[in-house]
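Report on the structure given below.
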Ligand code: SF4
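In the numbering used here, the protein residues as written are 577 to 926.
Next up, the structure:
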């Protein structure tokens, strides 16, 4: 056993004792008795370095996402996402607007990657995702940002729009691990992922935070640059994420350690297919899966050109979405969305 692996074993044994937590439940999720990051276990098993190599090889004939462009990003060829070989980062900071189990008391350590493989016409981050605003950097720099976010107290590393830079992320995580990274990795994705690619992340990622944007192929094609396969591809991706990390697990303070958290943005005029979405989750995943029914749709970027989505959602549209979610039997809805539902209900009856 080399020195690094011996150090990890020592830390694991010492850490296990201090991480013993009482069993219980919070936000409807199971608490765990001891915890180390998935990627740390992978390193101890000697499997992390080959995983970095396997991920990086994908750049030569890029099929990282369902667009499957086949470009050689090592030779500076660019595909649909327009991403270069090196990661482009817009910013890295604690974020307090994410779900409560990710934010905790100290914030979620977000790293915003520029460019995107889905490119929705209503994207709220369009200068970053569509126009690629940000700074080209290196895996080492991403690793340093991870360490900085951990040092200032963030509870996790929240990788926003990670799909097209997955190899850089895997590499950066290993570099950061060797510098002492010890907090969960959150894969904050549009959900437009290939199962074969997600398998490379098995044992690297602790928390998956996928969107499920649409349930209808025509809507996906219309609003997300022809991605008519989005509903079917994303359903399979979410099932794979569930297989890898299971249901949400929290520490004694209610902060997320591992598991699946699904986001669904309610859109005007039932465009997002919310009724079908909650029915699918209830039928395909545990009913206690953490689901965030989000009310914050706003008209952005090119959405002004599509009359059916050129307004925010109404209180009634949000209430019917929450009603469908509850009637489908889902038991672990995001507490903030439940609070908003209660507020609208009280206002309506008052
Ligand atoms: S990650 Fe980018 S280049 Fe690679 S397949 Fe997807 S869109 Fe194409």
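A virtual CB, placed ideally from N, CA and C, is assigned to each residue, including glycine. Here the structure is a predicted model, which means the values were calculated and not measured.
Mind checking which residues open and close the beta strand (DSSP E) that includes residue i?
i           : result
residue 834 : 832-841
residue 800 : Where residue 800 is concerned, there is no enclosing beta strand (DSSP E), given that its DSSP letter is neither H nor E.
residue 667 : 664-671
residue 786 : 783-786
residue 734 : 733-736
residue 620 : Here residue 620 belongs to no beta strand (DSSP E); instead the alpha helix (DSSP H) covers 614-620.
residue 764 : 761-765
residue 866 : 866-870
Should residue i and residue j be called a contact, given that it needs their Cβ atoms to be closer than 7 Å?
i           : j           : result
residue 684 : residue 744 : no
residue 740 : residue 691 : yes
residue 909 : residue 867 : yes
residue 830 : residue 821 : no
residue 889 : residue 877 : no
residue 751 : residue 719 : yes
residue 926 : residue 858 : no
residue 898 : residue 853 : no
residue 782 : residue 761 : yes
residue 804 : residue 694 : no
residue 635 : residue 649 : yes
Under DSSP, the alpha helix (DSSP H) around residue i begins and ends at which residues?
i           : result
residue 686 : Looking at the DSSP string, residue 686 is not in any alpha helix (DSSP H); the run it does join, the beta strand (DSSP E), is 684-689.
residue 773 : 771-774
residue 677 : 676-679
residue 918 : 911-925
residue 718 : 715-727
residue 628 : 624-633
residue 898 : 891-903
residue 850 : 850-860
residue 816 : 806-821
residue 742 : 742-754
What is the C-beta distance between residue i and residue j, in whole angstroms, given that I count them as a contact (C-beta under 8 Å)?
i           : j           : result
residue 688 : residue 799 : Actually they do not touch by this definition, with Cβ atoms about 22 Å apart.
residue 747 : residue 632 : 7 Å
residue 937 : residue 763 : The chain is shown only over 577 to 926; residue 937 falls outside these bounds and no answer can be derived.
residue 837 : residue 824 : 6 Å
residue 641 : residue 769 : 7 Å
Any heavy atom of the ligand FMN inside 6 Å of the beta-carbon of residue i?
i           : result
residue 655 : As for the ligand FMN, it is missing from this structure, which binds only the ligand SF4.
Cβ contact (3+ pairs, closer than 8 Å) linking the region 609-618 and the region 721-740: no
Any 3 or more C-beta pairs closer than 8 Å across the region 842-861 and the region 661-680: no
Contact the region 769-785 vs the region 621-637: 3+ CB pairs below 8 Å: yes
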